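Chemist:
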Amino acid sequence: RADSKRRARLHIAAVFACNFANAMYTVSARLLEEHGLSFDAMLPLIDETARKVHELHPKAAQTGPAVRGDENVMGKHLEMLSDEPEIKEIYRIISNSIQEL
Numbered sequence: 490r491a492d493s494k495r496r497a498r499l500h501i502a503a504v505f506a507c508n509f510a511n512a513m514y515t516v517s518a519r520l521l522e523e524h525g526l527s528f529d530a531m532l533p534l535i536d537e538t539a540r541k542v543h544e545l546h547p548k549a550a551q552t553g554p555a556v557r558g559d560e561n562v563m564g565k566h567l568e569m570l571s572d573e574p575e576i577k578e579i580y581r582i583i584s585n586s587i588q589e590l
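Using my numbering, read the sequence shown as starting at 490 and increasing by one per residue.
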């Protein structure tokens, strides 16, 4: 049971955990499909990521170039997104957020 303030907190958390995650799947699919690659290639990784948070706190389960501080890889990714300014900005903002968390 939760009062209206706690339900509102649950709702915003659900938006981050589900709605935003699905939006990132859409971006991923677009980036892949534009180059003749199938989003199906992401499914094992998505499944593994979802499985991990059943065993670890999400912060402990975080992987990737931002958490490693791999500026070289992130720079290459940003270059690859030079013709996608909105997606490039999302990448930058989320990478910075990962590093700050």
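Every residue gets a Cβ at the ideal spot worked out from N, C-alpha and C, and that includes glycine.
Quick caveat, the model's predicted, so the values are computed rather than measured.
Counting only C-beta atoms, is residue 572 closer than 9 Å to chain D at any point?
Modeler: In the structure shown, chain D does not exist; there is a single protein chain.
Chemist: Going by C-alpha to C-alpha distance, which of 504, 503, 502, 535 sits closest to residue 518?
Modeler: For the purposes of this step, residue 518 is taken as residue 29 along the sequence shown, with counting starting at 1. Cα-wise, what sits closest to residue 518 is 535.
Chemist: Where do the N-terminal and C-terminal ends of the alpha helix (DSSP H) with residue 527 fall, by residue?
Modeler: Against the sequence shown, residue 527 aligns to sequence position 38. Looking at the DSSP string, residue 527 is not in any alpha helix (DSSP H), and its letter there is neither H nor E.
Chemist: Should residue 506 be labelled buried (16 or more other beta-carbon atoms within 10 Å of its own) or exposed?
Modeler: Counting from 1 along the sequence shown, the entry for residue 506 is found at position 17. With fewer than 16 other CB atoms across the displayed protein chains lying within 10 angstroms of its CB, residue 506 is exposed.
Chemist: I need the DSSP call for residue 573, collapsed to helix, strand or coil.
Modeler: As a first step, residue 573 must be located in the sequence shown, where it is residue number 84. Coil.
Chemist: Please identify the residue among 556, 562, 576 whose C-alpha is closest to the C-alpha of residue 588.
Modeler: Here residue 588 refers to the residue found at position 99 of the sequence shown. Considering only alpha carbons, the answer is 556.
Chemist: Between 492, 491, 590, which has its C-alpha nearest residue 548's C-alpha?
Modeler: By 1-based counting over the sequence shown, the position of residue 548 is 59. Nearest option by C-alpha distance: 590.
Chemist: Please report the straight-line C-alpha distance between residue 544 and residue 525, rounded to a whole angstrom.
Modeler: On the sequence shown, position 55 is the one that residue 544 refers to. On the sequence shown, position 36 is the one that residue 525 refers to. Those two C-alpha atoms are separated by around 34 Å.
Chemist: Just to confirm my understanding: we take residue 577, look at its own chain, exclude 5 residues before and 5 after, and list those with CB closer than 8 Å. What are they?
Modeler: Here the question's residue 577 lines up with position 88 in the sequence shown. In its chain, beyond the 5 residues on either side, 567, 570, 571 have a beta carbon closer than 8 Å to the beta carbon of residue 577.
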